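Chemist: Residue numbers (this note's numbering), protein chains in the order written: chain A, 32 to 285; chain B, 24 to 310; chain C, 540 to 875.
For each residue, glycine too, the CB sits at the ideal point set by N, CA and C.
Please read these numbers as outputs of a predicted model, since none were measured by experiment.
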């Protein structure tokens with residue numbers, strides 16, 4: 032089952048881009064490239080800060096309204112992370128190509144067009160952050176993201192981290208949350224039918240996935256074990272170890 | 024190819040509902056014949072300033088024939104400008120008008136597409152011609168103004184299943200409304216004009232009730248008459264006594280110049296009626 | 540001696556330096572002028588909403604929404620989609636149980652709800668026609684589409700068109716004893732084209748658009764349709780039945796205004812401005828939208844969307860549910 036697999040990432044996979052990353056988790060594989068700061072087009076130019084341009088390309092076909100929506104969401108989040116004021120009048124371009132998704136995008140031999148695909152947001156955001164790190168773009172903070180679904184089973188609702196497409200379809204509600212490395216809530220997207228209480232529980236679960244850091248890992252594992260559930264991996268630790276591996280590899284000659 | 028910037032419907036074609044009594048002529052509720060005098064236009068409601076962020080705007084509603092209180096034509100117009108032309112454009116000693124007329128998808132009996140079709144482009148160029156004669160264009164060199172008319176509801180009666188003639192008669196009524204509403208929006212934007220231009224329609228109709236004798240009526244509603252022989256839409260400047268745009272369509276004997284002149288004259292009459300509404304509306308805003 | 544001062548009327552000030560203009564309005568210098576937004580509202584005050592339905596004659600359902608200077612028209616138009624024109628149509632087998640999930644999938648897979656938002660009507664100076672839909676228009680359309688499906692307001696059962704005929708000739712009782720029932724066969728669906736047209740745009744387009752969609756759907760009456768065997772087509776009678784709409788989700792949006800225009804996030808004070816107008820929207824990065832439905836008596840959240848900043852955390856979001864509830868009461872009152 033793909034959901035239990037550990038996330039995997041490679042940095043600087045594209046030789047011609049300033050920075051790039053390939054990330055795969057929960058059935059999604061996304062390659063991202065970052066170029067910047069480069070000269071902005073006149074209409075995108077901003078006198079005080081860099082313009083962040085995000086382009087999302089789906090696994091099949093050309094982008095539609097759904098991709099525009101994803102781009103808007105990612106753009107507003109990434110602008111918060113990047114120190115955009117360091118690069119006035121310039122452009123930082125992020126291209127995210129979805130390589131594979133757990134579910135086929137075609138239904139009835141026709142592309143599923145508009146429905147918001149929540150499950151892909153964490154993969155896109157994670158790839159973008161990794162690619163930005165690989166491009167050495169100055170950032171205020173990094174971000175980690177998680178998806179949690181509330182699935183009702185036999186009357187009781189249960190939280191499922193990294194749900195499969197089938198679980199997403201049957202879920203009562205689906206939530207995507209992203210946190211910065213300062214434990215602030217950066218992005219929250221929810222859909223379905225839920226109460227404030229349920230959202231609170233989701234927040235706790237998502238925060239545990241996103242924000243447990245290596246230092247407190249022992250404690251967190253206990254918590255996970257206490258609840259006897261698979262509460263997903265430690266995203267922040269993953270981000271850290273991926274970069275450590277990359278740095279070690281780059282400094283091999285020393 | 025599917026439009027990837029919009030949400031598309033099913034790939035297979037969808038059909039507008041077919042009513043079971045549509046082909047059954049006897050069931051068709053016949054529109055009551057024209058009740059107002061031949062020289063009167065329908066009740067018109069005009070209001071400026073519906074879009075505060077635009078330089079000028081106006082909204083026009085024309086009462087639906089035979090059903091008082093129910094409106095037929097509904098138009099909204101916004102004017103943006105005068106503003107400087109983009110750098111890439113050539114020098115122009117006078118203001119450049121760009122008119123844009125678009126039907127809302129739900130405006131007519133048939134669902135409209137999102138892209139402008141030839142009828143809409145045609146209405147746009149007629150509107151431009153009508154307004155160009157009214158604006159004092161050389162007061163704003165190197166500038167442009169955008170005039171956008173959205174047709175929220177076209178002048179077509181839903182229950183009328185008779186397809187007499189073609190859409191052109193409805194288009195004439197729509198154009199005359201577009202001219203009047205655009206003129207009000209231009210005045211609201213404070214763009215100098217020589218006069219207020221208003222649209223009027225007159226038609227040569229043939230009714231069975233009159234033993235098929237043709238007569239001229241103003242502001243015709245196609246469903247009220249058995250046959251429309253010819254019609255003309257006039258954009259007219261009352262104080263100058265000038266016509267800025269004339270659209271004539273129909274079938275008339277070529278030696279009958281008198282009827283032709285009479286039709287245009289009646290069109291001017293209709294335009295004068297519309298102008299009264301227009302002047303009153305602008306007067307209210309200013310006063 | 541008095542220093543010569545440069546004074547501008549308010550609109551000029553607003554245009555020249557919008558951020559200090561709004562900031563100054565929110566934290567006044569003296570006791571005499573009350574703190575408030577430039578539009579005269581309190582930070583947590585939304586514009587009152589005015590809803591008018593059934594004003595269009597060609598649409599099957601319509602609504603005109605006015606809140607402040609934002610005016611949006613929504614027309615719902617139904618068209619018939621015959622089963623024959625659905626590629627790879629797969630009728631549901633008798634043994635397959637119909638669930639909420641399968642119904643929603645049916646609605647989605649056959650594209651029975653088609654919402655689109657038209658902004659390019661000159662409704663504000665930045666939206667001029669003649670260009671393809673902007674990223675904002677596309678984002679709004681996607682959000683409306685997503686919420687339409689996610690909230691389950693429309694039941695696919697209501698959109699199905701059946702062919703009903705009595706079984707003839709076979710009067711002897713079958714083993715399963717079902718011959719007395721009418722035989723039903725699915726022949727088509729109603730497709731609802733939900734088109735939104737902005738006449739005037741003054742901020743907060745999603746709330747206005749969504750309210751218009753809900754009001755127009757509640758106003759929608761579909762003709763009674765049946766299969767005509769002779770014509771081999773779906774025909775409708777002049778009678779109509781109202782579309783069943785479940786629940787009343789109401790969207791409530793706010794924007795976060797920061798004291799420092801170009802400062803680091805987290806610095807200085809912030810204000811949460813409910814139902815932002817066009818000026819406020821251009822000055823705020825962080826936006827939050829919550830869609831709630833209290834029609835069952837209990838507050839259910841249907842969607843949350845928060846992006847563009849880190850000011851709104853858990854506590855603020857929780858508190859925002861109360862604000863959204865309040866908005867729900869206002870809008871549901873306006874709907875009646």
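Over what stretch of residues does the beta strand (DSSP E) that includes residue 829 of chain C continue unbroken?
Modeler: Its beta strand (DSSP E) spans residues 825-832.
Chemist: Do residue 90 of chain A and residue 130 of chain A count as a contact pair if the criterion is CB distance below 8 Å?
Modeler: Contact flag set, yes.
Chemist: With a cut-off of 8 Å, does the C-beta of residue 28 of chain B fall near any C-beta of chain A?
Modeler: Yes, because at least one Cβ of chain A sits closer than 8 Å to the Cβ of residue 28 of chain B.
Chemist: In angstroms, rounded to a whole number, what distance separates the CA positions of residue 76 of chain B and residue 741 of chain C?
Modeler: Approximately 8 Å, taken between the alpha carbons.
Chemist: Sorted by chain position, which residues of the same chain lie with C-beta nearer than 6 Å to residue 785 of chain C's C-beta, five sequence neighbours on each side aside?
Modeler: Excluding sequence neighbours, residue 785 of chain C sits near 692.
Chemist: State the DSSP-derived secondary structure class of residue 273 of chain B, mapped to helix, strand or coil.
Modeler: Looking at residue 273 of chain B - three-state DSSP - the assignment turns out to be strand.
Chemist: For a contact defined as C-beta to C-beta under 8 Å, what are the partners of residue 659 of chain C on chain A?
Modeler: Neighbours of residue 659 of chain C on chain A: none; closest Cβ ~15 Å, over 8 Å.
Chemist: Taking Cβ-Cβ distances shorter than 7 Å, what residues in chain B pair up with residue 93 of chain A?
Modeler: Within chain B, the residues near residue 93 of chain A are 27.
Chemist: Quick check: the stretch 604-612 of chain C against the stretch 850-857 of chain C, are at least 3 beta-carbon pairs closer than 8 Å?
Modeler: Judged by Cβ distances under 8 Å, the stretch 850-857 of chain C makes no contact with the stretch 604-612 of chain C, as fewer than three pairs qualify.
Chemist: Give the list of continuous alpha helix (DSSP H) stretches no shorter than 4 residues that lie fully inside the stretch 781-862 of chain C.
Modeler: For the stretch 781-862 of chain C, whole alpha helix (DSSP H) runs of length 4 or above, ordered along the chain, are 817-822.
Chemist: Is there a Cβ from chain B that is less than 8 Å from the Cβ of residue 618 of chain C?
Modeler: Chain B contact via Cβ: present.
Chemist: Indicate whether at least one CB of chain A lies closer than 8 Å to the CB of residue 742 of chain C.
Modeler: It does not: the Cβ of residue 742 of chain C has no partner Cβ on chain A nearer than 8 Å.
Chemist: Between residue 134 of chain A and chain C, is any beta-carbon pair separated by less than 8 Å?
Modeler: False, the Cβ-Cβ gap to chain C never drops below 8 Å.
Chemist: Buried or exposed: which applies to residue 117 of chain A, given that a residue is buried once 16 or more other Cβ atoms fall within 10 Å of its Cβ?
Modeler: Under this definition residue 117 of chain A is an exposed residue.
Chemist: Starting from residue 495 of chain C and walking both ways along the beta strand (DSSP E), at which residues does that stretch end?
Modeler: This structure cannot settle anything about residue 495 of chain C, because the visible part of chain C is limited to 540 through 875.
Chemist: What are the start and end residues of each continuous beta strand (DSSP E) run of 3 or more residues lying completely inside the stretch 199-278 of chain B, in chain order?
Modeler: List check, beta strand (DSSP E) in window: 221-229, 237-241, 250-260, 265-273.
Chemist: Please compile the residues from chain B whose C-beta is within a distance smaller than 9 Å of the C-beta of residue 96 of chain A.
Modeler: By Cβ distance, chain B contributes 27, 28, 29, 30.
Chemist: State the CB to CB distance for the pair residue 245 of chain B and residue 193 of chain B, rounded to an integer number of angstroms; the pair is presumed to be in contact (CB under 8 Å).
Modeler: Right, the Cβ-Cβ distance comes to about 7 Å (below 8 Å), so this counts as a contact.
Chemist: So what does DSSP say about residue 66 of chain B, is it helix, strand or coil?
Modeler: In this structure, residue 66 of chain B counts as coil in the three-state DSSP scheme.
Chemist: Of the residues that make up the stretch 767-783 of chain C, which ones have a beta carbon closer than 9 Å to any beta carbon in chain B?
Modeler: Of all residues in the stretch 767-783 of chain C, 767, 770, 772, 773, 774, 775, 776, 777 have a Cβ within less than 9 Å of some Cβ in chain B.
Chemist: Just to confirm my understanding: we take residue 152 of chain B, look at its own chain, exclude 5 residues before and 5 after, and list those with CB closer than 6 Å. What are they?
Modeler: Within the same chain, residue 152 of chain B has close Cβ partners 268.
Chemist: What residue from C:855, C:825, C:864, C:554 has the CA that sits closest to residue 840 of chain C's CA?
Modeler: The option with the nearest alpha carbon to residue 840 of chain C is C:864.
Chemist: For residue 726 of chain C, I'd like the list of residues in its chain whose CB is within less than 6 Å of its CB, leaving aside the five on either flank, ordered along the chain.
Modeler: Same-chain partners within the cutoff: 622, 700, 702, 766.
Chemist: Is there a Cβ of chain A sitting closer than 8 Å to that of residue 680 of chain C, yes or no?
Modeler: It does; some Cβ of chain A falls within 8 Å.
Chemist: Mind pulling the beta strand (DSSP E) runs of 3 or more residues that sit fully within the stretch 615-684 of chain C?
Modeler: Here the runs fully enclosed are 652-657.
Chemist: Under the rule that 16 or more other beta-carbon atoms within 10 Å means buried, what is residue 51 of chain A, buried or exposed?
Modeler: Answer is buried; the Cβ neighbour count reaches 16.
Chemist: Identify the continuous alpha helix (DSSP H) that holds residue 550 of chain C and give its terminal residues.
Modeler: Segment 549-555, the alpha helix (DSSP H) holding residue 550 of chain C.
Chemist: Of all the alpha helix (DSSP H) runs that stay within the bounds of the stretch 140-228 of chain A, which reach a length of 4 or more residues?
Modeler: Runs found: 151-165, 196-201.
Chemist: Hey, is residue 302 of chain B's beta-carbon within less than 8 Å of any beta-carbon in chain A?
Modeler: False, the Cβ-Cβ gap to chain A never drops below 8 Å.
Chemist: Name the two residues that bound the continuous beta strand (DSSP E) containing residue 589 of chain C.
Modeler: Taken as a continuous stretch (DSSP letters only), the beta strand (DSSP E) holding residue 589 of chain C covers 588-592.
Chemist: Among B:250, B:168, B:116, B:239, which residue has its Cα nearest to the Cα of residue 210 of chain B?
Modeler: The shortest Cα separation from residue 210 of chain B among B:250, B:168, B:116, B:239 belongs to B:168.
Chemist: Between residue 874 of chain C and chain A, is there a C-beta pair that is closer than 8 Å?
Modeler: It does not: the Cβ of residue 874 of chain C has no partner Cβ on chain A nearer than 8 Å.
Chemist: I think residue 217 of chain B touches residue 100 of chain B, with their Cβ atoms under 8 Å apart; what is that distance to the nearest whole Å?
Modeler: At roughly 20 Å, the Cβ-Cβ gap does not stay under 8 Å, so residue 217 of chain B and residue 100 of chain B are not in contact.
Chemist: Pull up the DSSP beta-bridge partners for residue 609 of chain C, would you.
Modeler: According to DSSP, residue 609 of chain C bridges with C:606.
Chemist: Looking only at its chain, what residues have a beta carbon closer than 8 Å to the beta carbon of residue 585 of chain C, apart from the 5 residues adjacent to it on each side?
Modeler: Correct list, in chain order: 606, 791, 813, 814, 866, 869.
Chemist: Mapping DSSP to helix, strand and coil, what is residue 41 of chain B?
Modeler: Three-state DSSP puts residue 41 of chain B in a strand.
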